[in-house]
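Since the structure comes first, as structure tokens, the remarks are kept for the end.
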Amino acid sequence: MGAMDSLNARLKAGEVVIMDGGTGTEIQRRGVPVSRKNWSGLPMTEHPDLIREIHEDYIKAGAEIIIANTFSTGRWMLKEVGLEDRTVEINRLGVKLALEARANAAPDSPVIVAGSMSTYSPWLDPTVIPSYEAALTDYREQSNALAEAGVDLIVVEMLVRTLDTRASVKAAVETGLPVWVGFSVVSEDEKLYLGLHRKHGAEGIREAVDAVASMGVSAMFIMHTSLEDTGPGLQELKGCTSLPIGAYAHSMGFKTEEQNPDEILFGPYTPEGYLEYARGWVEMGAVVIGGCCGTTPEHIRALKEGLPERV
Ligand SMILES: [Zn+2]
-5 MGAMDSLNAR LKAGEVVIMD GGTGTEIQRR GVPVSRKNWS GLPMTEHPDL IREIHEDYIK
55 AGAEIIIANT FSTGRWMLKE VGLEDRTVEI NRLGVKLALE ARANAAPDSP VIVAGSMSTY
115 SPWLDPTVIP SYEAALTDYR EQSNALAEAG VDLIVVEMLV RTLDTRASVK AAVETGLPVW
175 VGFSVVSEDE KLYLGLHRKH GAEGIREAVD AVASMGVSAM FIMHTSLEDT GPGLQELKGC
235 TSLPIGAYAH SMGFKTEEQN PDEILFGPYT PEGYLEYARG WVEMGAVVIG GCCGTTPEHI
295 RALKEGLPER V
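As structure tokens, this is what we get:
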């Protein structure tokens, strides 16, 4: 049985599987400045050893799934730093580093290496609506590069619009790999909307789930979301799908424009504080739990040691 087959069997049986934590923010915490314009591309070409080391530390902390550092290495994001002509090369490099980390840190255990793609609009400006065709073209380029480089799974992250959701999932599913999809949500006026930090439009979880319900996705997540909104998001998601569900939440803030907006503030959640929230998500039925921006290998270790083995 392949590693993905045994993972799927575990999820179906209600076993809790631990994912890694933040990578872009961890690069920053370890001393390499990261631009908000592009979290992954530049550090990947300039500090590959650091990225491999971060993956290895997550595996050692207990992560059973690691996500390659390709969150913002789609052509549309690399364009922000003038690297768009190296899109395929940089995505392949991201996967290579994750595969090397697995070979170094977990040669005998079935750690899954996922490739990441994320939302299409770099600045998440609600007034900018990309064309579906343009998004699909760029997502296909990235998902093919990830698949050819050898990922086991594609995770489409931080979706805040059904348009990107449809285009990214279509491209990812076409590779033939399993696809997991994750929505970012914010609460406003006691309702949940798709969005990051603020609502992006008027779309919600139901619309996002419906947009991809028949496309062959194999798990759905609330991710890149505040800790406070993640639980309510999971409750709503559970009511919309019978697929396995999972979560990873932020533990971070940004400095103000007057300070340095590229620099993030870690916390406020300690590994133990994060674990308390994560216990609640497992009680709601979430079977894949990890950490997002601002979480560290210590957060993942706390999840590994503190969460129940099954829901
Ligand atoms: Zn995040």
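With the numbering used here applied, the sequence shown covers -5 to 305.
For each residue, glycine too, the CB sits at the ideal point set by N, CA and C.
The structure displayed is predicted, hence computed values, not measured ones.
Problem - residue 275, DSSP secondary structure in three states - result: DSSP places residue 275 in helix when its eight states are reduced to three.
Handout entry: Cβ separation of residue 138 and residue 113, assumed to be a contact under 8 angstroms, to the nearest whole Å
Key = About 19 angstroms; that fails the 8 angstroms criterion.
Handout entry: Three-state class that DSSP yields for residue 126 in the structure shown
Key = Note: residue 126 maps to helix in three-state DSSP.
Problem - Completely contained beta strand (DSSP E) runs for the region 122 to 171, where each covers 3 or more residues - result: Here the runs fully enclosed are 147 to 153.
Exercise for the section: Assign residue 98 to one of three DSSP states: helix, strand, or coil. Expected result: DSSP places residue 98 within a helical segment (H, G or I) once states are collapsed to three.
Problem - Whole runs of the alpha helix (DSSP H) within the region 4 to 28, excluding any shorter than 4 residues - result: 18 to 23, all fully within the region 4 to 28.
Handout entry: Nearest-residue set for ligand 1, Cβ under 6 angstroms from any heavy atom
Key = Those residues, listed in chain order, are 218, 244, 286 and 287.
Practice task
Flag this pair as yes or no: are the beta carbons of residue 91 and residue 27 separated by less than 8 angstroms?
Solution key: When the beta-carbon positions are compared, residue 91 and residue 27 stay at least 8 angstroms from each other.
Handout entry: Within 8 angstroms, strictly: CB atoms of residue 281 and residue 87
Key = No.
Handout entry: residue 243 beta carbon less than 8 angstroms from that of residue 224
Key = Result yes, Cβ atoms of residue 224 and residue 243 sit closer than 8 angstroms.
Problem - Straight-line Cα distance separating residue 98 from residue 54 - result: For the pair residue 54 and residue 98, the Cα-to-Cα distance works out to about 10 angstroms.
Handout entry: Rounded separation between residue 176 and residue 18 - CA only
Key = Their Cα atoms are separated by approximately 17 angstroms.
Exercise for the section: Please state whether DSSP places residue 296 in a helix, a strand or coil. Expected result: If DSSP states are grouped into helix, strand and coil, residue 296 belongs with the helices.
Problem - Under 8 angstroms between C-beta atoms of residue 95 and residue 50 - result: In this structure, the beta-carbon distance from residue 95 to residue 50 falls below 8 angstroms.
Problem - Presumed contact (8 angstroms Cβ cut-off) between residue 147 and residue 106, rounded CB distance - result: That pair is a contact at about 6 angstroms.
Exercise for the section: Please report the residue range of the beta strand (DSSP E) in which residue 117 lies. Expected result: Where residue 117 is concerned, there is no enclosing beta strand (DSSP E), given that its DSSP letter is neither H nor E.
Problem - Proximity to residue 181 [Cα-Cα], best of 60, 236, 20 and 198 - result: Residue 181 has its Cα closest to that of 198, out of 60, 236, 20 and 198.
Practice task
Could you tell me whether the Cβ atoms of residue 276 and residue 216 are closer together than 8 angstroms?
Solution key: Cβ distance not < 8 angstroms, so residue 276 and residue 216 don't count as in contact.
Handout entry: Identity of the residues DSSP links to residue 59 by a beta bridge
Key = Partner(s): 13 and 106.
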